[in-house]
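Everything below concerns the one structure shown next.
2 protein chains.
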Amino acid sequence: MARTAQSVEFFQSDGDSLSDEAKEASLLAASASIIRYRAGETLYVEGDRAPMCYQVASGVVKEYNTLEDGRRQVADFYGVGEIFGISELDWQLHTAEAITDCAVRSYRRDLFLKAVASSPDFSHRFLDTLMARLHRSRERMIMLGRMSAAQRVAAFMVRLSNEQNVTRNVRFLMSRQDIADHLGLTIETVCRVLTEMKRQRVVVFDTARLFSIPDTRMLEDVVQGGKKAR
Amino acid sequence: MARTAQSVEFFQSDGDSLSDEAKEASLLAASASIIRYRAGETLYVEGDRAPMCYQVASGVVKEYNTLEDGRRQVADFYGVGEIFGISELDWQLHTAEAITDCAVRSYRRDLFLKAVASSPDFSHRFLDTLMARLHRSRERMIMLGRMSAAQRVAAFMVRLSNEQNVTRNVRFLMSRQDIADHLGLTIETVCRVLTEMKRQRVVVFDTARLFSIPDTRMLEDVVQGGKKAR
DNA sequence: CGTGCAATTGAAAGTACTCAAGCCACGTGG
DNA sequence: CCACGTGGCTTGAGTACTTTCAATTGCACG
Chain A
37 MARTAQSVEF FQSDGDSLSD EAKEASLLAA SASIIRYRAG ETLYVEGDRA
87 PMCYQVASGV VKEYNTLEDG RRQVADFYGV GEIFGISELD WQLHTAEAIT
137 DCAVRSYRRD LFLKAVASSP DFSHRFLDTL MARLHRSRER MIMLGRMSAA
187 QRVAAFMVRL SNEQNVTRNV RFLMSRQDIA DHLGLTIETV CRVLTEMKRQ
237 RVVVFDTARL FSIPDTRMLE DVVQGGKKAR
Chain B
37 MARTAQSVEF FQSDGDSLSD EAKEASLLAA SASIIRYRAG ETLYVEGDRA
87 PMCYQVASGV VKEYNTLEDG RRQVADFYGV GEIFGISELD WQLHTAEAIT
137 DCAVRSYRRD LFLKAVASSP DFSHRFLDTL MARLHRSRER MIMLGRMSAA
187 QRVAAFMVRL SNEQNVTRNV RFLMSRQDIA DHLGLTIETV CRVLTEMKRQ
237 RVVVFDTARL FSIPDTRMLE DVVQGGKKAR
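Protein sequence lines, in the order shown, are assigned to chains A and B. Heads up, the first sequence is in the numbering used here, so the first residue is 37 and it goes up one at a time. Heads up, the second sequence is in the numbering used here, so the first residue is 37 and it goes up one at a time.
In C-alpha cells form, the structure reads like this:
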C-alpha cells in the first residue's frame with residue numbers, strides 16, 4: 037500500500053509554483069475535507085456519480101467489483117497516501133469500502149483534474165502514479181493468469197512484507213475473504229495454502245492475521261515455482 | 037484495439053496551441069520515424085532500455101511477459117492508432133512483437149513526455165489514454181480472476197466483434213497460442229471451448245481464424261454464466 | 001460461558017492442465 | 001500434379017489443482 041510514497045504530498049504546492057498553478061492548488065486544497073469511516077462502511081458504489089476523488093489519510097480501503105453471482109474481484113487495497121476513486125469517466129468503476137477504521141481526504145474531482153492539467157509538476161506526478169498503477173495492475177494479471185494458488189498467496193505475503201518493511205510480525209490487514217477475492221481464489225483455498233506453508237515452516241503464524249517469515253528465500257521460492265511449475 | 041480512437045491524432049497540434057506547446061510538438065514530430073516489421077519480429081524485449089515509444093500505424097502488435105518456465109502472459113494487443121511501449125521506468129516492462137506485418141511510428145520518449153508535460157491538451161489526452169488502459173487492465177483482472185475458460189474466450193470474441201464492428205466474418209488476428217496466453221489458458225483449452233461453442237452453434241467458423249456470431253445474445257449469455265456460474 | 005463470525009478442515013466434484021497423438025491447409029520439391 | 005514436410009489447430013485420456021458443499025474449530029465480546 038505505501039509504494040507511491042510521493043503521492044503523500046501530492047497536493048502540496050512547491051513554493052516556486054507559478055501563480056496560476058498556485059491558484060489551482062489552493063482551490064483544490066479548499067475543496068478538500070476529511071471524512072472518517074468505520075471498518076466495513078462503504079465509501080461509494082460502482083456506478084455512482086464520481087464528483088470526488090480521495091486520498092487515504094489513515095487506515096486501509098479496498099476497491100472491488102461485484103459480479104452478478106455475488107463473487108467479487110478486489111482490484112486493489114489502498115494504504116496511507118494513496119489516491120483512489122478517480123476514473124476517466126464520470127462514474128465510479130468500483131465499489132470502495134473501508135477495511136479498517138479510516139480517514140480519507142476527499143477532493144473535488146474537477147478541481148483535481150484542473151490542477152493536474154495546469155501544473156506540469158502535478159501532471160508529472162500524477163502520470164507517474166497512473167503508470168505505476170498500470171504496472172501493478174499488469175503484475176496482477178500475471179498473477180491471476182499464470183500463477184498457482186500457492187504462488188499467488190506467497191506473492192501477496194511478500195508484497196505485504198515489503199510494504200510493511202518487516203519480515204517478522206507482518207500483518208494481514210484484511211480478511212481471508214478479501215485476500216481470496218483479491219487473488220482470484222476461494223477462501224478455502226487460501227486457508228489450505230496457508231496451512232500447508234505453516235506445515236512446511238515457510239511462514240509462522242502468531243495469530244490468524246499476524247505472521248513472520250523465517251527465511252525470505254524460502255517464501256520467494258514458493259512464489260517462483262514450488263508448485264505447478266510449467 | 038481501436039477503442040481509443042482519439043489517440044490516432046495524439047500528436048497532431050491543435051492549431052491554436054501556445055508557441056511553447058507548438059515547439060514541443062514539432063520537436064516530437066521531428067523525432068518520429070516509421071518502422072516496418074514482419075509478422076513475428078520482435079520490436080523490443082522486456083528489460084531493454086526504453087528510449088522510444090510507439091504508435092501502431094498498421095497491423096497488430098502484442099506486448100507480453102515471459103515467465104521463467106517459458107509460459108507467457110500477453111498484456112495486450114495493440115491495433116491502429118494505439119500507443120504502446122511507454123512505461124514510467126527507463127526500461128521496457130514487456131516484450132513487444134509484431135503479430136501481423138505492421139508499420140509503427142516511433143517517437144523519442146523524452147520528447148514525448150516533455151510534450152505531454154508542456155501541453156495541457158496533450159496531458160489531458162494522455163491521461164485519458166492511461167486511465168482507459170487502466171480500466172481495460174482491470175476488466176482483464178476480473179476476467180482472469182473470476183471467469184471460466186468458456187467465459188473468457190466468449191468475452192474475447194465479443195471484444196473482437198466490437199472492435200471490428202461486425203458480427204459476421206470476425207477475424208482472429210492472432211494465433212490460438214496468443215489467445216491462450218492472453219486469457220491465461222492453455223491452447224488446448226481454448227480449442228476445446230471453441231469446439232464446444234461450435235457444437236452449440238453459438239459461433240460458426242468459416243476457417244480457424246474467421247468466425248461469425250449468429251446470435252449475439254447467445255454469445256453474451258456464455259460470457260455471463262453459461263458455465264461455472266457461482 | 002453462550003453467541004456469532006472468521007478461519008479451518010474434510011470429502012466429493014469439477015475444471016483446466018499435461019502429455020501425446022491426429023488432423024488439416026499450405027508450400028515445396030520431385 | 002502429387003507425395004511430403006511444416007506449423008497451427010484439434011482431440012483424447014489421465015491427472016493435478018481448485019472449488020463446492022458441509023462441518024468443525026477458534027476466538028473476541030457481551
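No residue lacks a Cβ here, since even glycine has one placed at the ideal position from N, Cα and C.
Using a Cβ-Cβ distance cut-off of 8 Å, determine whether residue 181(B) contacts chain A. yes
Which residue spans inside the region 208-234 of chain A form an unbroken alpha helix (DSSP H) run of at least 4? 212-219
Would you say residue 90(B) and residue 140(B) are within 8 Å of each other, going by their C-beta atoms? yes
Inspect the CB distances between the region 91-107 of chain B and the region 127-139 of chain B and report whether three or more fall short of 8 Å. yes
Taking the straight line between their C-alpha atoms, what separation do you get for residue 160(B) and residue 168(A)? 18 Å
So which of 199(A), 174(A), 238(A), 243(A) has the shortest CA-CA distance to residue 111(A)? 174(A)
Using 10 angstroms around the beta-carbon of residue 135(B), count the other beta-carbons present and answer buried if the total reaches 16, otherwise exposed. buried
On the CB-based measure, 16 or more other CB atoms within 10 Å of its CB, does residue 79(A) come out buried or exposed? buried
Let me know if residue 118(B) comes out buried or exposed under the rule of 16 or more other beta-carbons within 10 Å of its beta-carbon. buried
Residue 130(B) beta carbon less than 8 Å from that of residue 99(B): yes
At a CB-CB cut-off below 8 Å, which residues of chain B make contact with residue 173(A)? 170, 173, 174, 177
Below 7 Å CB to CB, which residues in the same chain sit around residue 145(A) once its five sequence neighbours on both sides are set aside? 86, 87, 88, 89, 122
Could you confirm whether any beta carbon from chain B is found closer than 8 Å to the beta carbon of residue 210(A)? no
Just list the alpha helix (DSSP H) runs in the region 112-167 of chain B, keeping only unbroken ones of 4 residues or longer that don't cross its boundaries, in chain order. 145-154
May I ask which residues mark the beginning and end of the beta strand (DSSP E) holding residue 72(A)? 69-73
Run through chain B and tell me which residues come within less than 8 Å of residue 260(A), C-beta to C-beta. 104
Determine, using beta-carbon pairs with one atom in the region 222-237 of chain A and one in the region 186-196 of chain A, whether at least three such pairs fall under 8 Å. yes
From the DSSP output, in three-state form, read off residue 197(B) for me. helix
In this structure, how does DSSP classify residue 88(A) when only helix, strand and coil are distinguished? strand
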